[in-house]
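See below for the structure under consideration.
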Amino acid sequence: MIRAKIAALLALLLMPALALAAPDGRDGVLDNDFEGKVAYFGNYTGTSSVLAEQPRGAKDVPCPYRDQRCRKATVGGGVKVVLEFHGPRVIGFFYAVDGFRGPEGLKLGSLTGRRVSDGSCELFQADGSRWTGICGANEFTGDITTADGIPNAFNIRFNTVAMHMRDVREINRARWEAKRREKRIETLRARLYGDPRDAFFAAAEFESYSWFPGGVSGERFPAPAFPKRFNRKKTYDLRSEYPLPGGGSGWVMVRFQGEQFACIASSRRPACGPIGDPLPIVVEDEDDPEGWFTADGRVITDLRAAEPSRDP
6 MIRAKIAALL
16 ALLLMPALAL
26 AAPDGRDGVL
36 DNDFEGKVAY
46 FGNYTGTSSV
56 LAEQPRGAKD
66 VPCPYRDQRC
76 RKATVGGGVK
86 VVLEFHGPRV
96 IGFFYAVDGF
106 RGPEGLKLGS
116 LTGRRVSDGS
126 CELFQADGSR
136 WTGICGANEF
146 TGDITTADGI
156 PNAFNIRFNT
166 VAMHMRDVRE
176 INRARWEAKR
186 REKRIETLRA
196 RLYGDPRDAF
206 FAAAEFESYS
216 WFPGGVSGER
226 FPAPAFPKRF
236 NRKKTYDLRS
246 EYPLPGGGSG
256 WVMVRFQGEQ
266 FACIASSRRP
276 ACGPIGDPLP
286 IVVEDEDDPE
296 GWFTADGRVI
306 TDLRAAEPSR
316 DP
């Protein structure tokens, strides 16, 4: 019974580590503690109007709309929105990229506000305009409204889809893991030339980094049948078998010439040879060469340039 439990645990530990996605399991909803940026692109449409001052004593009312508003017009076009999440706190900006904007459409502005547990955001522009809607890993859709008294009033519906996401917490975790693994490998390399009973587990763990980036702790491999005494003139093939997650078993064999490590083989690489090169831990570059997180329209311009030309 105990042996079966150990085997099951080992099988889980030998599974490659999977990078956790930012969504929390619900469709497109970001984790409550998500830290990172999401760039969205889409369109907006609605109406805008401006607040005009009326001359004192004027009989004619040139602005017939509510609160003396005039120049009410339909506005719309493309818009890029970038939101930066720090748990419930959200900051960002919007940039009206192209298309028909109307006399008082969206241009460029900052956004500040919060995200709540249902996956929606409540954000405010510097002029007080309020953006509300779903802000997740797949989309940012909602409405822009303004309170009475704001000079440039909006009543707009926007629909954008997520084009690029940067998980800052995952980037930091990967950097930490890469440094931790580098130090661990140096320790394992030094242990290869010590006591063979220790060197076996060091070699097995070292080799496992060539199977997948996270590796497997040497202590998780079942101990082989060590000889009571190592003879310098003899060759020892020390073999350990372990259960595979999908059933069956794998094996690793470490060869010693006397007490000296000679080579290693496994069910993944049966020929005995030197320890394989560790697989790299991929760390996302935080530069923005494509311009997704930049307040300009070059991303959309580049996408348009990549489209096939249409015959007139």
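In the numbering used here, the protein residues as written are 6 to 317. Yeah, the Cβ is synthetic: ideal placement off N, Cα and C, and Gly gets one too. Just so you know, these numbers come straight off a predicted model, no measurement behind them.
Please confirm whether residue i and residue j have their CB atoms less than 7 angstroms apart.
i: Thr-137; j: Asp-123; result: no
i: Glu-246; j: Trp-256; result: yes
i: Gly-118; j: Phe-129; result: yes
i: Met-258; j: Arg-244; result: yes
i: Arg-120; j: Cys-126; result: yes
i: Phe-159; j: Thr-151; result: yes
i: Tyr-100; j: Leu-116; result: no
i: Ala-4; j: Val-80; result: No answer is possible for residue 4: the residues shown for the chain start at 6 and end at 317.
For residue i, I'd like the list of residues in its chain whose CB is within less than 7 angstroms of its CB, leaving aside the five on either flank, ordered along the chain.
i: Ala-267; result: Arg-260, Phe-261
i: Val-318; result: Lying outside 6 to 317, the shown extent of the chain, residue 318 is not represented and no answer is given.
i: Glu-182; result: Ile-286
i: Pro-229; result: Phe-205, Leu-243, Arg-244, Ser-245
i: Ala-26; result: With a pLDDT of 36 at Ala-26, under the threshold of 50, the modelled position of that residue is not reliable, and no figure is offered here.
i: Phe-226; result: Phe-206, Ala-209, Ser-245, Tyr-247, Val-257
i: Lys-239; result: Gly-263
i: Ser-272; result: Gly-255, Trp-256
i: Asn-177; result: none
i: Arg-94; result: Arg-119
i: Arg-196; result: Asp-203, Ala-204, Ala-207
i: Gly-133; result: Thr-151, Ala-152, Ile-155
Among the residues of its own chain, which have a CB less than 8 angstroms from the CB of residue i, if the five just before and after it don't count?
i: Arg-198; result: Sequence inspection shows Tyr at residue 198; the Arg mentioned does not correspond to that position. Contacts found: Ala-204, Gln-265, Phe-266.
i: Ile-190; result: Phe-211, Tyr-214, Pro-283
i: Ala-131; result: Gly-114, Ser-115
i: Asp-301; result: Tyr-100
i: Asn-236; result: Gly-263
i: Ala-276; result: Ala-270
Bridge partners of residue i, per DSSP?
i: Ala-245; result: Sequence check: residue 245 is Ser here, not Ala. Bridge partners of Ser-245: Val-257.
i: Lys-42; result: Glu-89, Arg-171
i: Phe-205; result: DSSP, once it has assigned bridges, lists no residue as partnering Phe-205.
i: Leu-284; result: Bridge partners of Leu-284: none, in fact.
i: Ser-128; result: Reading the sequence as shown, one finds Leu at residue 128 and not Ser. Answer is Gly-118, Trp-136, bridged to Leu-128.
i: Thr-240; result: Gln-262
i: Ala-270; result: Met-258
i: Leu-113; result: Tyr-100
i: Asn-37; result: DSSP output for Asn-37 lists no bridge partner at all.
i: Thr-299; result: Answer by DSSP bridge pairing: none, since Thr-299 is not bridged.
i: Gly-278; result: Ile-269
i: Tyr-49; result: Gly-82, Phe-163
Please name the residue in the options whose C-alpha comes closest to that of residue i.
i: Asp-242; options: Pro-201, Arg-225, Lys-184; result: Pro-201
i: Ala-270; options: Phe-235, Ser-134, Ser-115, Glu-212; result: Glu-212
i: Glu-224; options: Asn-236, Pro-218, Ala-208; result: Ala-208
i: Thr-165; options: Glu-289, Asp-38, Phe-46; result: Phe-46
i: His-91; options: Thr-52, Ile-139, Leu-116, Phe-39; result: Phe-39
i: Gly-296; options: Arg-171, Ala-276, Lys-233; result: Arg-171
i: Gly-154; options: Thr-240, Ser-54, Val-173, Leu-113; result: Ser-54
i: Gly-110; options: Asp-290, Gly-251, Thr-52; result: Thr-52
i: Pro-279; options: Ile-139, Lys-188, Ile-161, Arg-194; result: Arg-194
i: Asp-292; options: Thr-50, Val-173, Gly-133; result: Val-173
i: Asp-290; options: Ile-161, Glu-175, Ile-139, Phe-163; result: Glu-175
i: Lys-85; options: Pro-93, Phe-163, Trp-216; result: Phe-163
i: Gly-281; options: Trp-216, Gly-252, Arg-94; result: Trp-216
i: His-169; options: Gly-252, Ala-78, Glu-89; result: Glu-89
Starting from the C-beta of residue i, find all residues in its chain whose C-beta is less than 6 angstroms away, skip the five residues before and the five after it, and write them out in chain order.
i: Asn-143; result: Gly-33, Ala-167
i: Asp-29; result: Any reading at Asp-29 must be qualified, since the residue scores a pLDDT of 48, below 50, and its modelled position is unreliable; the value itself is stated next. Only Asp-36 meet the Cβ criterion.
i: Glu-187; result: none
i: Thr-192; result: none
i: Lys-233; result: none
i: Asn-157; result: Val-55, Glu-109
i: Ala-22; result: Low confidence applies here, because Ala-22 scores a pLDDT of 35, under 50, leaving its location unreliable and the question unanswered by this model.
i: Gly-252; result: none
I'd like to confirm something about residue i: is its beta-carbon nearer than 6 angstroms to some heavy atom of the ligand COA, or not?
i: Trp-297; result: This structure lacks the ligand COA, and indeed carries no ligand of any kind.
As an exercise, report each continuous alpha helix (DSSP H) stretch of at least 4 residues that is fully enclosed by the stretch 130-196, in chain order.
173-196
Considering only residues of the stretch 74-103, which uninterrupted alpha helix (DSSP H) runs meet the minimum length of 4 residues and lie entirely inside it, listed in chain order?
none
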